[in-house]
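With the first letter of the sequence shown counted as 1, position 61 gets the number 99 in the working numbering; the numbers rise by one all the way through.
Yeah, the Cβ is synthetic: ideal placement off N, Cα and C, and Gly gets one too.
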Amino acid sequence: MLKSMIAFWEMSESDLKTFVIVLGTVCALALIVAVILAVRIVKGNKGKVAVSKEDKVQTASEYLEEMEMRGEFMVLARNVIYSVGVEGQIAAGKYLLENTIDSEPDFNVRFNGLVKEFHSGDTVYLAAGDTICGVSTSIMIKRV
Numbered sequence: 039m040l041k042s043m044i045a046f047w048e049m050s051e052s053d054l055k056t057f058v059i060v061l062g063t064v065c066a067l068a069l070i071v072a073v074i075l076a077v078r079i080v081k082g083n084k085g086k087v088a089v090s091k092e093d094k095v096q097t098a099s100e101y102l103e104e105m106e107m108r109g110e111f112m113v114l115a116r117n118v119i120y121s122v123g124v125e126g127q128i129a130a131g132k133y134l135l136e137n138t139i140d141s142e143p144d145f146n147v148r149f150n151g152l153v154k155e156f157h158s159g160d161t162v163y164l165a166a167g168d169t170i171c172g173v174s175t176s177i178m179i180k181r182v
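In C-alpha cells:
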C-alpha cells in the first residue's frame, strides 16, 4: 500500500490530470444518480399520508356495523362521527355520556369538530346538524 501511495505522488502531470478528470466524472455521475433517485422518491410519496388504522376517522355512513345497544345506552364506536337529526343516526335531545371503560371516568369527545374532555355522567344537548365522535374511547349515550 505504501508503494501505491508513493506511486500516486510520483505521477506525471498528465497522469494526474487524467486521474482528476476520471475521479470528477465518477463523482458527477454519482451526484446525478442521487438526484434522480431523490426526485423519484419524492414524487412517489406525493399525496400519500401515513395514517394508522387507529387514527382514521370515519363517518357513521362509512362505518359498516350497526350501532350497539347496552341496555338503554347507545354505544358510539371510537373515531366514528355520528350525525344528529332526521337524516342522522341520533335523535336531537339531552343525552347522558358514559365511558365504555369503567376504570377511566374521563374521556375525549369530538363535538361539532372540536375535541373536549368529558367525565362519566356529564350531559350534553344534541341539536339537529350536530356531530359527535368518541376520540379516546368508544362512548355510551343515553337520552334523558
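The alpha carbon of Y163 has as its nearest neighbour, out of V173, I179 and E155, the alpha carbon of I179.
DSSP, read as helix, strand or coil, puts V73 in helix. Nearest to C171 by C-alpha distance, out of V118, N137 and G82, is V118. Taken atom to atom, the span from the alpha-carbon of Y133 to that of V122 is near 12 Å. Note that the C-beta distance between T175 and I139 is below 8 Å. According to DSSP, residue pairing for L134 in a beta bridge involves T161 and K180. Using a Cβ distance threshold of 8 Å, D168 and N150 count as a contacting pair.
Nearest in C-alpha terms to N137, of all of V153, V173 and G126, is V173.
In the three-state scheme derived from DSSP, where H, G and I count as helix and E and B as strand, G109 is classed as coil. Taking the C-beta atoms as reference points, A165 is found no nearer than 8 Å to V124.
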